[in-house]
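Student: The structure follows.
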Amino acid sequence: MERQRRRLAAILFADVVGSSRLISRDESGTVARLLDHLAVRLAPAAKRRGGRVVRLTGDGGLVEFTSAVDALAAAIEFQQAMALANRDEAEEDAIRFRVGLHLGDIIVEHGDLYGDDVNLAARLQEVPSPGGIAVSRAVREAVVGRIAADFTDLGELALKNLGRTVQAFAVSWTPADWPVPAEVGRPPAWPSPAWPIAARPRRWLVWPTVAAGIAMVVGSAWLLVSPPPPTKAQLQSLKAEDLERLLAERRAADAAAAEKRRLEEEAQVKAEQDAAALRQADADLEKAQADRRRAENELAKLRAEIAQNRAMNVDRQHLAESAAQRAMEEEAQRRAEAEANALRLAEAEAQQKALAEAENKRRADEALAQAQAERLKADQEATARAAAEAAVAEARRLREDAEAAETGLRLASVDRQRLQVALTAQGLDTHGTDGVFGPRTREMIAGWQRKSGATATGYFTLAQRDALLRAAAPAVTRWDEDRKRAEEERKKAELAKLAPPVDSLAQPTSSPTQSTAESYDGTYSGTSLYARERLTAKVRIERGRGAGTIAAPGCEDSSFAMTVSATGEISGRGDLLCPVDAVAVAPVGPFKVSGRARGGEGGSALALTLTTSRGPSIIFTLQPARSVAAAAPPPPRVDRAAVRFDGLYGGVHLGSRSLDRFSIRLDVRSGAGTGVLSARGCAAMPFAVSISPTGAIAGNVELKCPITPDLVGAAIIAGTIDPRRVTMTFTTDRNQDQITLDRLDH
Numbered sequence: 042m043e044r045q046r047r048r049l050a051a052i053l054f055a056d057v058v059g060s061s062r063l064i065s066r067d068e069s070g071t072v073a074r075l076l077d078h079l080a081v082r083l084a085p086a087a088k089r090r091g092g093r094v095v096r097l098t099g100d101g102g103l104v105e106f107t108s109a110v111d112a113l114a115a116a117i118e119f120q121q122a123m124a125l126a127n128r129d130e131a132e133e134d135a136i137r138f139r140v141g142l143h144l145g146d147i148i149v150e151h152g153d154l155y156g157d158d159v160n161l162a163a164r165l166q167e168v169p170s171p172g173g174i175a176v177s178r179a180v181r182e183a184v185v186g187r188i189a190a191d192f193t194d195l196g197e198l199a200l201k202n203l204g205r206t207v208q209a210f211a212v213s214w215t216p217a218d219w220p221v222p223a224e225v226g227r228p229p230a231w232p233s234p235a236w237p238i239a240a241r242p243r244r245w246l247v248w249p250t251v252a253a254g255i256a257m258v259v260g261s262a263w264l265l266v267s268p269p270p271p272t273k274a275q276l277q278s279l280k281a282e283d284l285e286r287l288l289a290e291r292r293a294a295d296a297a298a299a300e301k302r303r304l305e306e307e308a309q310v311k312a313e314q315d316a317a318a319l320r321q322a323d324a325d326l327e328k329a330q331a332d333r334r335r336a337e338n339e340l341a342k343l344r345a346e347i348a349q350n351r352a353m354n355v356d357r358q359h360l361a362e363s364a365a366q367r368a369m370e371e372e373a374q375r376r377a378e379a380e381a382n383a384l385r386l387a388e389a390e391a392q393q394k395a396l397a398e399a400e401n402k403r404r405a406d407e408a409l410a411q412a413q414a415e416r417l418k419a420d421q422e423a424t425a426r427a428a429a430e431a432a433v434a435e436a437r438r439l440r441e442d443a444e445a446a447e448t449g450l451r452l453a454s455v456d457r458q459r460l461q462v463a464l465t466a467q468g469l470d471t472h473g474t475d476g477v478f479g480p481r482t483r484e485m486i487a488g489w490q491r492k493s494g495a496t497a498t499g500y501f502t503l504a505q506r507d508a509l510l511r512a513a514a515p516a517v518t519r520w521d522e523d524r525k526r527a528e529e530e531r532k533k534a535e536l537a538k539l540a541p542p543v544d545s546l547a548q549p550t551s552s553p554t555q556s557t558a559e560s561y562d563g564t565y566s567g568t569s570l571y572a573r574e575r576l577t578a579k580v581r582i583e584r585g586r587g588a589g590t591i592a593a594p595g596c597e598d599s600s601f602a603m604t605v606s607a608t609g610e611i612s613g614r615g616d617l618l619c620p621v622d623a624v625a626v627a628p629v630g631p632f633k634v635s636g637r638a639r640g641g642e643g644g645s646a647l648a649l650t651l652t653t654s655r656g657p658s659i660i661f662t663l664q665p666a667r668s669v670a671a672a673a674p675p676p677p678r679v680d681r682a683a684v685r686f687d688g689l690y691g692g693v694h695l696g697s698r699s700l701d702r703f704s705i706r707l708d709v710r711s712g713a714g715t716g717v718l719s720a721r722g723c724a725a726m727p728f729a730v731s732i733s734p735t736g737a738i739a740g741n742v743e744l745k746c747p748i749t750p751d752l753v754g755a756a757i758i759a760g761t762i763d764p765r766r767v768t769m770t771f772t773t774d775r776n777q778d779q780i781t782l783d784r785l786d787h
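In my numbering, the protein residues as written are 42 to 787.
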C-alpha cells in the first residue's frame, strides 16, 4: 500500500453560486458555460501562477499552490476575469464564483488532496459574497504587505463540520491594480495570412471573387464535416455520461456558425466595395468617351482648318514652304489619329473593366446569398439539436420514473406471470408466462399502454397493473385455478408416496411407538441463510406425518413431505425452487429431507437437512410456532353426553388480513358437526368437526378462495362449544382467525 505523503500547500477552492437554479433554467447551456469558465479562466490563472489543478467539477474546482501569494494572486485574477465575462450578462444569467483559500498541511494520495485543511478551504468558500474571496488567518499572515489587496477581519467563524472556530478575512482589491492577463479569459485571435500580398497592377479586381470562393468553400466544408443530428433511435440509447460530449459538439457547431457569420459579413463588405468600384469604372468610362468625342471634334476642326489653309495657300509661290506645311499638317493629323486611337482603346478597356466589375458584383451577391442560406441551415440544425437533447432528457426521465414505479410494486414471479397471462388475453402475446419481463414482454406492455392512451414506457405503474388485471380477470382467475390445482395434485402425490397403508391408519393402537411419534405433532417454523438469501421453512406434523413449505424471496413456495419415526428420525423429499435473479426462478430439482426431532409435548425442535444434487446442503432448525403450538388432536369418539350441543349455529366474520366478510353455518348432531364457509365470489367450502363430551372441537378444512388471503390453504380447526355459542380458531401456515358462532334454532 502506498505510504501517505504530507506537505505544506496553499489550497484554492472555487464553487459556483446558485448552480442548481442556473441548471434548472437551462441545463445544457449552463453546463457548457461552467466548463468554459473553468477551462478558459480558472485553469489558465492557476497555471500562470504555478498552481496545479487537482480537479475541475461541473460547478467548481480545487487547485494546489506552493505559495500563498501565488494562490491569492491567481484567485484575484480569476475573479477579475469572471467580472469581465459577466459584464454584458443579465443579473439572473450571470455565473459567479466564491473562492476560499487556506494554507496548511495536506495529505497527497494518487494525485488528490485530503485532510482537515482541505475541508477548511472548502468551507471558507461559503463565507464571501458572490464574486468574492475569503482567506484564513494563515494566508493573511503569509501575504500581507506582499500583494496589492486589503483584508477585513470577519471574526471567529464556526464553519460546518469543523470542530473548532476559524478566524477568516474577506479580501478586497482595486480592479485597476489587477488587469486581466492576456492568457486568462481571452479567446484566441485569428492568425494572419502566412503569404505576402504583392502590389500588382489590377490584382485587386480578383480579391472579391477569391473572398466569395473562400466563403463558399468554408461553408461547404463545414456542411461535409459537421456531424448529422442524432436520429431518434440514437437519442433513445444516449447515456448520461455522453452529455459532455454533446455539449462539446454543440460548442464546435456554435463556433462554426460564428465563423460563417464572419465570412458573411466580409462578403457583404466586399460586395459593397465591388459596387463602389463598378460605379467608379462607369464614371471613368463616361470620362473616356467624353475625351474621345472632344478629340474627334478637335480632329475635325483641324482637318477643316487644314483644308481652308490649303485653299488659301494654293497660289503661294514657294512650293517648298507648301510641302513643309503639308508635312506638318500630316504630322498633326497622324498625332490626332493616334490620340483618337488611344482614347478608343482606353474606352474599350474601361468598358471591359465595367463588365468585369459587374461580374464580380454578381458573384459577390451569390456568395452573400449562399452564406445567408448556410447560416439559416446552421441555425435550424442547432435548434434541432437542442430539441433532440431535450427529448433525450425527457425520455430518460420518463423511463427512470416508470422503472422506479414498477420496482416499487415488488412484483413476485407469480405476479409477473399473472400480468403476462393478462396481456396475452388482451391480444398481446408475450410468447409464454415464465415470469420474466424480457424484450417481448416489455414490447407488449408498451403496446397495451399505447392502446390505453398512456405513455408507452414498457413499465407498469400500480394503477396500470390493477387496470390490466381487472380487464383480464376471467383469464387470470382460470390461470390461478389451474396452477393451484396442479400444485395440489403434486402435493397429494407426494403425500401419497409417503403415507402408510390405509389399513394401518384405520386400526387403533396404543403401542408406545405410535404414542411417541404423535408427541411431535404440531406446527414448526424457522429460517436459514443460503446463497445470501434468507429461506423460511414451515412444517405441520400430524400422527408422525408432516407437510411443509420453503419460502424464498422472488420464488414460489417449495413444498416437501416427511415422516417422523418413534425415535425422532426424520426422512422425506420434495422439490426446491430457488432464485436466479430478481424476476426469474429456476427449479433446482428434487431434494431429500433428513434430520431428527428432539423433545416432545409441544417442546420439540426439528433439525432438518435438505440435500440436492447441486450446491451445498441447506440446514434448518425449526421451533414450535407460537400461533399453533400443536396440531389439532385426533377426533374423539362420540359420547352420548355430546348430544346436548346439538343444534344449528351461524355467524359472519371479518377477515384479520383482508377485511373481507365471510359467513359460517355449523350443524351439530350427536357429537359431530358439518358446516359450510361462504365468501362472496368463491364457491362454498364444506368442513367437518368432531365434538368431545366436554365441548372441545377439532377438525380440518381446505380453504380454496383465492380472492382473500384469509381463506387460502389447509387449515386446522380447534375450539369450544356450549349450548349457546361456538368459538373456533382456523389456523393455516400463514394466518389465524378466531370466529364466534351463535345458536340459531333456540
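Glycine included, C-beta positions come from ideal geometry on N, C-alpha and C. Predicted, not measured: the structure shown is a model, and the values here were computed from it.
1. Can Arg575 and Thr564 be called in contact, C-beta distance under 7 Å?
2. Let me confirm a value: Asn338 is counted as buried when at least 16 other C-beta atoms fall within 10 Å, else exposed. Which label applies?
3. Evaluate Ala428 with the Cβ neighbour count: other Cβ atoms within 10 Å of its Cβ, from every protein chain shown; 16 or more gives buried, anything less gives exposed.
4. Leaving aside the five residues before and after Ile486 along the sequence, list all residues of the same chain whose C-beta is less than 6 Å from its C-beta, in chain order.
5. For Leu439, I'd like the list of residues in its chain whose CB is within less than 8 Å of its CB, leaving aside the five on either flank, ordered along the chain.
6. Here's the rule I'm using: 16 or more other beta-carbon atoms within 10 Å means buried, otherwise exposed. How should Arg586 be labelled?
7. CA-CA distance, Glu390 and Leu343?
8. Considering only C-alpha positions, which residue in the set Pro727, Pro220, Ser733 and Ala414 is nearest to Leu304?
9. Exposed or buried, what is Asn776 when buried is set at 16 or more other beta-carbons lying within 10 Å of its beta-carbon?
10. For Ala109, which residues from the same chain have a beta carbon less than 8 Å from its beta carbon, with the 5 sequence-adjacent residues on both sides left out?
11. Quick check on DSSP: helix, strand or coil for Leu103?
12. Please determine, among Val207, Asp687, Ala379 and Pro216, the residue with the shortest C-alpha to C-alpha distance to Leu814.
13. Which of the three DSSP states is assigned to Ile148 in this structure?
14. Leaving aside the five residues before and after Gly156 along the sequence, list all residues of the same chain whose C-beta is less than 6 Å from its C-beta, in chain order.
15. Classify Ile486 as helix, strand or coil using the three-state DSSP reduction.
16. Counting only runs of 4+ residues fully inside the region 54 to 108, write out the alpha helix (DSSP H) ranges in chain order.
17. Can you tell me where the alpha helix (DSSP H) with Val221 in it begins and where it stops?
18. State the start and end residues of the unbroken alpha helix (DSSP H) segment that holds Thr465.
19. For the candidate residues Asp470, Leu718, Val693 and Ala729, whose alpha-carbon lies nearest to that of Val709?
20. For Thr193, tell me which candidate among Arg765, Arg459, Ile174 and Arg187 has the shortest Cα-Cα distance.
21. Give me, in chain order, the residues of the same chain whose beta-carbon lies closer than 8 Å to that of Ala309; leave out the 5 immediate sequence neighbours on both sides.
22. To which residues of the same chain is Gln490 closer than 6 Å at the C-beta, ignoring the five residues directly before and after it?
23. Would you please state the rounded distance, in angstroms, between the beta carbons of Ala163 and Phe54? I believe it to be under 8 Å.
24. Below 6 Å CB to CB, which residues in the same chain sit around Leu97 once its five sequence neighbours on both sides are set aside?
25. Mind checking Glu133: buried by the 16 CB within 10 Å criterion, or exposed?
26. What residue from Arg48, Gly92, Phe210 and Arg82 has the CA that sits closest to Glu150's CA?
27. If Asp56 sits next to Phe138, beta carbons under 8 Å apart, how far is it from one beta carbon to the other, in whole angstroms?
28. If you measure between the beta carbons of Val517 and Val580, is that distance less than 7 Å?
29. Can you name the residues that DSSP bridges to His143?
30. How many angstroms separate the CA atom of Trp214 from the CA atom of Ala124?
31. Of the residues Gly760, Ala126, Gln166 and Val742, which one's Cα is nearest the Cα of Val753?
32. Look at Gly636 and Ile659 and say whether their C-beta atoms are less than 7 Å apart.
33. Using alpha carbons as the reference points, say which of Gly630, Ala299 and Ile136 lies closest to Leu75.
34. Which first and last residues belong to the alpha helix (DSSP H) in which Gly449 is found?
35. Ala379: which of Glu346, Arg404, Gln349 and Leu340 sits nearest, CA to CA?
36. Around the C-beta of Val693, are 16 or more other C-beta atoms found within 10 angstroms, so that it is buried, or is it exposed?
Tutor: With the structure as the only source:
1. No, these two residues do not count as a Cβ contact at 7 Å.
2. Flag for Asn338 reads exposed.
3. Exposed, by the Cβ-count rule.
4. Sequence-distant Cβ neighbours of Ile486 in its own chain, meaning closer than 6 Å and more than five residues away, are Gly499.
5. Correct list, in chain order: Thr496 and Thr498.
6. The residue in question, Arg586, is buried, as its Cβ has 16 or more Cβ neighbours within 10 Å.
7. So the two alpha carbons sit approximately 27 Å from each other.
8. If you compare the alpha carbons of Pro727, Pro220, Ser733 and Ala414 with that of Leu304, the shortest gap goes to Ala414.
9. Classification for Asn776: buried.
10. Once the five neighbours on either side are set aside, the close Cβ partners of Ala109 are Ala51, Leu142, Leu144, Ala179, Val180, Ala183 and Val184.
11. Taken through DSSP and simplified to helix, strand or coil, Leu103 comes out as strand.
12. Since the displayed the chain opens at 42 and closes at 787, residue 814 lies outside it and no answer follows.
13. When DSSP states are grouped into helix, strand and coil, Ile148 belongs to the strand group.
14. Once the five neighbours on either side are set aside, the close Cβ partners of Gly156 are Ile147 and Ile148.
15. Three-state DSSP puts Ile486 in a helix.
16. As summarised for the region 54 to 108, the continuous alpha helix (DSSP H) elements at least 4 residues long and confined to that stretch are 60 to 66, 68 to 78 and 84 to 89, given in chain order.
17. Taken as a continuous stretch (DSSP letters only), Val221 belongs to no alpha helix (DSSP H), as it is neither H nor E.
18. DSSP places Thr465 in the uninterrupted alpha helix (DSSP H) bounded by Ser454 to Ala466.
19. Out of Asp470, Leu718, Val693 and Ala729, Ala729 has the C-alpha closest to the C-alpha of Val709.
20. Here the closest residue by C-alpha is Ile174.
21. Here residue 309 turns out to be Gln, not Ala, going by the sequence shown. Taken in chain order, the residues that qualify are Leu409.
22. The answer, listed in chain order, is Ala497.
23. Their Cβ separation, rounded to whole angstroms, is 5 Å, which keeps Ala163 and Phe54 in contact under 8 Å.
24. The beta carbon of Leu97 is closer than 6 Å to those of Leu79 in its chain, skipping five residues each way along the sequence.
25. The residue in question, Glu133, is exposed, as its Cβ has fewer than 16 Cβ neighbours within 10 Å.
26. When only C-alpha atoms are compared, the closest one is Arg48.
27. By a beta-carbon distance limit of 8 Å, Asp56 contacts Phe138. Their separation comes to about 7 Å.
28. Taking 7 Å as the Cβ cut-off, Val517 and Val580 do not qualify as a contacting pair.
29. Answer is Ile52.
30. If I take the Cα positions, the gap works out to 13 Å.
31. Per the Cα distances, Val742.
32. Cβ distance not < 7 Å, so Gly636 and Ile659 don't count as in contact.
33. Nearest in C-alpha terms to Leu75, of all of Gly630, Ala299 and Ile136, is Ile136.
34. First-last of the alpha helix (DSSP H) with Gly449: Leu360 to Leu450.
35. Distances from the alpha-carbon of Ala379 to those of Glu346, Arg404, Gln349 and Leu340 put Leu340 closest.
36. Note on Val693: under 16 other CB atoms within 10 angstroms of its CB, so exposed under the neighbour-count rule.
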